[in-house]
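Numbering (full-length UniProt numbering), first residue to last: 1 to 792. Reading through the structure tokens given below for one structure.
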């Protein structure tokens, strides 16, 4: 049983054959320059089937090994749809009528909302009057915008654009401007007259000239919270939803960029990741303070950080001014870390704008800040170390959790040249400074990097007779990590009040399950190599571990033949050290060295070796036999693996494919079910009209779609086999998935049980996790975009 999760909005004509053809919009979100976004917004939208130019990937929502994928799908009845249909297709079965009605109902509700919006806009437009703006009108509008919290951060160009878009509306006494509960269509500024605000029919407020209102309903796309009615004849300036939201979108993007730049200057945040900094920026609260306002008072308990965005502030202690804060300056950072009173009073010199974040909100966004900063510092410290880079990510995570953080006073001796092993292997400075000192007879050992070439690493070392100063974020001790039985022969002293993170030998043994570091690093190296081999990509973690343990060490002398062309292969090889020459028909093809591999197809197929491999130096090899591999991987998992490997044939040509039938149509072209004439393997072929792509200016989307599809090779993501092009079309040849949508399945099955829900959710999480690892965000996860394979 397996499934697939589609990153498309395609709806196909025939429900018995479904697959994921690439569709949707791929755009980078504002504030996330390093990320990419997959969504299915209405860039493609034919109701009878949409073939979009972007975001072409689909992800399986099932466990590999629970089903056989697309291979042979037509021979295996699924639980979801009637399989007794010929290749020509037929009418949808009666059981799908209910789900079609549900989709139609959703579409009706969407159209109904659009009609309500149009009615609200038409009601306002009945009051529209032509009026040329005078200088006084522009000043009134500009002043109202600057006094409005939402619009106060607009720059002069944005204010001018919004002012220019304003139109004049005239209301008589008793006329309703907007009705409580109805959708908002405009943002308003009162020009003249008096307007009553009513909630539930009861007057709660009154508004006059220069008052702005209506922005909240437009921003949140929600109903009006109150009725506004003219109590006398008056005029209002207004701008429609589309223009208002477009300008605010520009403001949001600019504000995010500006806030992000401010955040870079805040020292306590310097160890946060880009993603964490982006989260803080999104949580910032913008506040406007009039001149001479007190922002914080000396002696009060503080819990917020402030960054000055505009204006100027004065800082005073005991009534005496000590300095001024300008745009980009910040204060209150210690309030995020410690429960302590404010050390000074801060007041605005002029009207000023600050963005702030409180400890409670920060905790909701990031968790405990001290803990987050500590973890980030340790991660940065370890990731810059060639020793720790050899540990698996989960091992590094556990080592961080096993670290002990201690505070030391100035001149405290933390470690005093151990004469016997007491345990400390590695230290990292969290705050303050420490001094590391070596005696003249201290033995300095080189710290080897990941390639084990013996070159000096970027790790900080202390030579015999020398001393070094470590400051915040720096670490020491990698040579002791690699030599766990050696006493710590350096003296470490706190130069100032310092926080130091310590890793002990017992922590390493507990996390790694062994005191033999070399054994762990050797295992990790094997793991990193075989995970690159395509036939091992779909194995579970447990299967990978079992396979690695089954590797044997074999040494070949210079001139030995490791394998010979034409013999039946039964073993897979990884080069641990040394070099081999690949020869075909007596010709040298290439040279392979450390961590290269060969012979992987021998584990699955009884076929002759396609080349000879000869040792050109003494070579150490890791070897696994076919019989061992088949004991680890068998049954449905083996079948699934074989079907996935068939998709690795990227040499298939367009002329080798025959069309079975067309299964989808849309704005950009068609999707066809095709079959390889020689192998019988079936695929989905998306045919995109080149002219349509040019007319709709989708060239960049098509290019990005291909890049995203090509880099995602995951068992729960639809695989791109290859692309073609001719004068009229661009072609995407992808894996075929045939089990229908999860949308249909959950309506047929009813309320899912715990096991079913976990099964589908687990597959989707693995797919999304894989996308996130590549900085790809998927914004349109819904049952209609989750496809199932032939086993459901």
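Cβ coordinates follow ideal geometry from the N, Cα and C atoms, glycine included. Note that the structure is predicted; figures quoted are calculated from it, not measured.
| Asked | Found |
| --- | --- |
| Residue 435 CB to nearest heavy atom of the ligand ATP below 7 Å | In the structure shown, the ligand ATP is absent, as is every other ligand, since no ligand is present at all. |
| DSSP three-state assignment for residue 407, whether helix, strand or coil | strand |
| Rounded straight-line distance, which links the Cα of residue 716 to that of residue 63 | Confidence in residue 63 is poor, its pLDDT being 34 and thus under 50, which makes the residue's placement too unreliable to answer from. |
| Exposure of residue 222, with buried meaning 16 or more beta-carbon neighbours within 10 Å | exposed |
| Minimum C-alpha distance to residue 571 - residue among 545, 555, 622 | 622 |
| Separation of residue 125 from residue 259, as counted between CA atoms | 38 Å |
| Backbone CA spacing between residue 584 and residue 612 [nearest angstrom] | 6 Å |
| Cβ contact check for the region 588 to 600 and the region 507 to 522: 3 or more pairs under 8 Å | no |
| Ranges of the beta strand (DSSP E) found wholly within the region 744 to 783, counting only runs of at least 3 | 776 to 778 |
| Run of the beta strand (DSSP E) containing residue 139, from where it starts to where it stops | It is not in any beta strand (DSSP E) - residue 139 instead sits in the alpha helix (DSSP H) that spans 135 to 146. |
| Counted within 10 angstroms of its Cβ, other Cβ atoms place residue 789 as buried (16 or more) or exposed | buried |
| Entirely enclosed beta strand (DSSP E) segments - the region 358 to 415, minimum 3 residues | 404 to 408 |
| Where residue 188 falls: helix, strand or coil (DSSP) | strand |
| Length at least 3, wholly inside the region 157 to 231: the beta strand (DSSP E) runs in chain order | 167 to 171, 176 to 178, 186 to 192, 195 to 199, 202 to 207, 227 to 230 |
| Enclosing beta strand (DSSP E) for residue 683 [first to last residue] | 682 to 689 |
| Three or more C-beta pairs below 8 Å linking the region 374 to 386 and the region 482 to 491 | no |
| Own chain, CB closer than 8 Å to residue 333, minus 5 neighbours either side, in chain order | 266, 267, 268, 305 |
| Length at least 4, wholly inside the UniProt domain "Cyclic nucleotide-binding" (470 to 513): the alpha helix (DSSP H) runs in chain order | 478 to 482, 505 to 512 |
| Where residue 674 falls: helix, strand or coil (DSSP) | strand |
| Residue 303 versus residue 343: straight-line alpha-carbon distance, rounded | 13 Å |
| Collapsed DSSP secondary structure at residue 275 in the structure displayed | helix |
| Per DSSP, the bridge partner or partners of residue 615 | 580 |
| Residue 594 (DSSP reduced to helix, strand or coil) | coil |
| 8 Å Cβ cutoff met for residue 238 and residue 289 | no |
| Minimum C-alpha distance to residue 744 - residue among 229, 201, 792 | 792 |
| CA-to-CA distance, residue 251 to residue 157, given in whole angstroms | 11 Å |
| Under the three-state DSSP convention, the category residue 356 falls into | strand |
| Pair within 8 Å by beta-carbon distance, residue 689 and residue 732 | no |
| Contiguous alpha helix (DSSP H) assignments of at least 4 residues, all confined to the region 283 to 368 | 359 to 366 |
| Residue span of the beta strand (DSSP E) that contains residue 634, given as start and end | Segment: none, residue 634 is in no beta strand (DSSP E) and carries neither H nor E. |
| Pairwise C-alpha distance: residue 669 and residue 369 | 51 Å |
| Residue 324 versus residue 354: straight-line alpha-carbon distance, rounded | 14 Å |
| Residue 772 classed as buried or exposed, judged by whether at least 16 other C-beta atoms fall within 10 angstroms | exposed |
| Residue 728, DSSP secondary structure in three states | coil |
| DSSP state of residue 257 mapped onto helix, strand, coil | helix |
| Pick from 185, 704, 659 that is closest to residue 672, judged by C-alpha positions | 659 |
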